[in-house]
Amino acid sequence: MKKSKFITIEGIEGTGKSTVVQYIRDHLQRSGEKIVLTREPGGTEIAEAIRKVILRHYKETMAEDTELLLYFAGRAQHIASVIRPALEAGKTVISDRFTDASFAYQGAGRGISVERLKVLSHWVLKDLKPDLTILLDVPVEVGLARAKGRGTLDRIESETIEFFERVRQCYLDLAKQFPEQYRIVDANQPLDAVKQQVISIIQ
Ligand code: Z5A
């Protein structure tokens with residue numbers, strides 16, 4: 007059996023991804039696993055710099071292809087510097103978002119074709135694929151209310167409700183299309199219940 011595992015967490019904003027990934031890391035570390043906790047966009051010095059370029063507001067509109075290529079540029083760096091080295095060293099990698107976010111946000115959200123996304127995905131990921139993706143699912147109004155509770159919204163968070171509905175639906179469709187990879191967790195329940203459900207899936 008392959009020792010290293012690649013686990014990704016997906017969902018719209020405010021589903022609790024950042025909170026839950028830390029909980030998984032702490033839980034697995036207690037059982038002696040070597041864990042690398044990382045995120046997208048970001049995860050390395052260069053990819054975090056790209057994250058800043060992606061998320062800030064501008065007077066001009068960022069072209070959809072610019073946004074898409076920036077996400078994949080950061081991802082290429084993230085894979086080369088963090089994800090592959092960790093997996094090759096036998097560590098478990100937990101990433102707060104990964105490539106399926108591009109299918110959901112740039113694909114379903116912005117309307118970029120799946121064919122184009124697949125080309126970039128094959129180019130940048132090659133054979134890399136998550137062993138498990140946990141989809142934290144909440145109604146859009148609930149997720150956005152939680153995200154708004156934290157203060158100012160970044161460029162993507164400022165999108166319309168309809169945009170996030172398309173993103174959420176794309177994630178649910180991906181979960182249906184790849185049942186061997188995906189597990190859906192209802193994140194519209196108390197955080198402790200969400201954490202327990204995620205841990206039982208991982209175990
Ligand atoms: N994006 C993209 O377009 N394409 C891509 O390829 C990738 C990303 C990789 C930045 O991502 C943006 O990039 C994101 C998608 C896009 N855009 N948006 N919008 P990010 O992951 O850095 O940011 P985020 O998704 O906006 O994360 P977030 O808002 O921080 O959400 P979260 O991590 O899922 O939630 P959280 O920080 O853990 O929790 C949010 C709040 O809710 C916090 O106060 C919690 O205490 C509270 N919370 C969480 N769970 C619960 C429950 N169960 N009950 C009550 N309260 C809760």
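7 is the number of the first residue of the sequence shown in this note's numbering; add one for each residue after it. Idealized CB from N, CA, C, for every residue including glycine. These figures come from a predicted structure and were not determined experimentally.
- Look at K23: its beta carbon is less than 6 Å from one of the heavy atoms in the ligand Z5A.
- Partner residues in a beta bridge of L75, as assigned by DSSP, do not exist.
- Separation of the CB atoms of L126 and V200 is rounded to 31 Å, and the pair is thereby denied contact status at 8 Å.
- Rounded to the nearest whole angstrom, the CA to CA distance from G22 to A69 is 29 Å.
- The beta carbons of V88 and T50 sit about 6 Å from each other, so the pair counts as a contact at 8 Å.
- When DSSP states are grouped into helix, strand and coil, D198 belongs to the helix group.
- Collapsing the DSSP output to three states places F104 in coil.
- With 16 or more neighbouring CB atoms inside 10 Å of its own CB, K11 falls in the buried class.
- Counting along the chain, V42 sits inside the beta strand (DSSP E) bounded by residues 41–45.
- Within the same chain, and ignoring the five residues on either side of A181 in sequence, the residues whose Cβ sits closer than 7 Å to its Cβ are L141, Y188, I190.
- Straight across, the Cα-Cα distance linking K65 with R161 is about 11 Å.
- Beta-bridge partners of V191 (DSSP): L142.
- The shortest C-alpha to C-alpha distance from A153 to any of L43, S24, D179 is the one to S24.
- Annotation for T25: the continuous alpha helix (DSSP H) segment containing it runs 23–36.
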